[in-house]
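Peer 1: Under numbering that gives the first Met the number 0, the first residue of the sequence shown carries the number 0, and numbering increases by one thereafter.
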Amino acid sequence: MMDFVIQLARSNRLAPPPNPAVGCAIVSADGRHLLGQGHTQAAGGPHAEIMALRDAAAHGRAVAGATAYVSLEPCSHHGRTGPCCDALIAAGIKKVVASIADPNPLVSGQGFERLRAAGIEVEVGPGAAESRELNIGFFSRMIRKTPWVRMKIAASLDGMTALPNGQSQWITSPEARTDGHAWRARASAVLTGIGTVLQDNPQLDVRLVDTPRQPCRIIVDSQLQTPADAQIFKSGGEIWIYAAIRDAAREATLTALGATVSYLPNAHGKVDLPALMQDLARREINELHVEAGSKLNGSLIREGLVDEFLVYLAPKLLGSGQGMASFGPLQQLSHAVPLQFLSTEMVGADLRVLARGVGRDQF
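1) Quick check: Pro-73 and Leu-52, are their CB atoms within less than 8 Å of each other?
2) Quick check on His-180: does DSSP put it in helix, strand or coil?
3) Helix, strand or coil, according to DSSP, for Pro-273 in the structure here?
4) For Ile-49, which residues from the same chain have a beta carbon less than 8 Å from its beta carbon, with the 5 sequence-adjacent residues on both sides left out?
5) Contact check, Pro-125 vs Val-96 under 8 Å by CB: the rounded distance?
6) So, at 7 Å on beta carbons, what are the nonlocal neighbours of Leu-207 in its own chain, with the 5 sequence-adjacent residues on each side left out?
7) In whole angstroms, what separates the C-alpha of Asp-228 from that of Ala-258?
8) What distance in whole Å lies between the Cβ atoms of Ala-243 and Lys-269, which are believed to be in contact at a cut-off of 8 Å?
9) Three or more C-beta pairs under 8 Å: does that hold for the region 272-288 against the region 112-128?
10) Assuming Glu-120 is part of the beta strand (DSSP E), what are its boundary residues?
11) Applying the 10 Å Cβ sphere with the 16-neighbour rule, what's the burial state of Val-21?
12) Report yes if the CB atom of Arg-140 is closer than 8 Å to the CB atom of Ile-99, and no otherwise.
13) Within 10 angstroms of the Cβ of Ile-238, are there 16 or more other Cβ atoms? Answer buried if so, exposed if not.
14) Thinking C-beta only, is Asp-157 closer than 8 Å to Leu-338?
15) Would you say the beta carbon of Arg-131 comes nearer than 7 Å to a heavy atom of the ligand PLP?
16) Please specify which runs of the beta strand (DSSP E), each continuous and at least 3 residues long, are wholly inside the region 99-147, giving them in chain order.
17) Between the C-alpha atoms of Ser-75 and Pro-104, what's the straight-line distance to the nearest angstrom?
18) For a quick check, are the C-beta atoms of Leu-133 and Ile-5 less than 8 Å apart?
19) Among the residues of its own chain, which have a CB less than 7 Å from the CB of Ala-161, if the five just before and after it don't count?
20) Could you please give me the residues that DSSP links to Asp-349 through a beta bridge?
21) Skipping 5 residues on each side, what residues in its chain have a beta carbon closer than 6 Å to that of Ala-354?
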C-alpha cells in the first residue's frame, strides 16, 4: 500500500512546494477496501490526509476504525492549514502507517506523539527512503538550512557548452530541452548568472511542459547589470536579483520591473554564494535548479554548493570552446569532485546523465 501512497505523492509533486509532496490512502480495518485517497495540494491548500478524508466522505465511506497510510508524518502545527493529525483523530482513525518523520522542527515527531496520545497505533518506516528522495529538497531545507542544488548542463560529448564566440543555441535536441523544462518545473527556483543573461538573454521560465506553478527566477548579478529589456521580465512570476555593489538608480529600475533586489556581498565584491543559499532556504526554496555559464558553475562547485548534476550530452564534438565549469586547476586527481551516477537515459538523440556528489544526501 505504501508504494501506492508514494505514487500518489509523486503524481502531484509539482504543485506543493514549498510544502513536501505527500500521499495518503485510508484503508478499511481489515485491509480489504480503499476508502479514500489524496495528495497534498498547492501551498495553502489541503494536505494529503485531508484530501483522503474528503474523498472517503464524498463516496459515503465511513473511516472510523480505519488505517491511514501516509508518506510523511501528519503535521501537528498550524501553518497555512490546520494540523492533519487532529483531523485523523477526529475522524476516528485507529492506525497510522507513515513512511518517515517530518524533518520540520515544528513537527518532527510531535505529530506521532499526538496520535499516540489519542490512542492511535502508529507504525513508521515503510517506504522511508523513497519518500525522503521524493522530497529531498524539503529535507535539505529543513535539516541543512539550504536548498537541494541541481546544476543542469547541456554540452557536446567532449564537454563544450558553447563555441569560443559564445554560441550555444542549440547544442542538444528539442527533446532534451523539453526534458530540461520538466526538471525546471519541479524546482522552487531557477538560478543563473549575469553572464548568461547578457549572452543568451533567457526567459528561464517553464514553457515546454505543463506546470501548475512557475518557479522563482534568480539572477546572480554583482554589479546590477541586468538590462531593463531582458527577456526574463517578459513573463510573469517572481524575479530575485542578488547583488554585491549598491546602485540606487539601477535598483529602482529593476524594482519597478517587479524584481526583488538583495545585497549579499563577500570580501571580494562578489555575491556571497553560501549566504545566498541560506537566504534561499529562508525564502522557502526547496530545490534550486541552476542553468548558468562556466564561471558561475565553477564558483558554485568550488564553494561546495552543488548536490547534483543533470547533464545532457549531445552526440557531437565541438573541439575548443567553453567548458562546463571553470574551477581549479587541481594539483592532484584525489582533489577531484567525487560523483556517483544515479541514472543514464537517452532523451531524443542525447544522453541524459544524472550524477550526485558522493555523500551529498547524507544529512
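Each residue gets a CB set at the ideal place from its N, CA and C atoms; glycine is no exception.
Peer 2: Let me lay it out:
1) no
2) helix
3) In the three-state DSSP reduction, Pro-273 falls in the helix class (H, G or I).
4) Gly-37, Thr-80, Cys-83 and Ala-86
5) 6 Å
6) Arg-176, Thr-177 and His-180
7) 13 Å
8) 5 Å
9) no
10) Start and end: 120-123.
11) Burial state of Val-21 is buried, judged by a 10 Å Cβ sphere holding 16 or more other Cβ atoms.
12) no
13) buried
14) no
15) This structure lacks the ligand PLP, and indeed carries no ligand of any kind.
16) 120-123
17) 11 Å
18) yes
19) Ser-167, Gly-320 and Gln-321
20) Val-346
21) Counting only Cβ-Cβ distances below 6 Å, and skipping sequence neighbours, we find Phe-308, Leu-338 and Phe-340.
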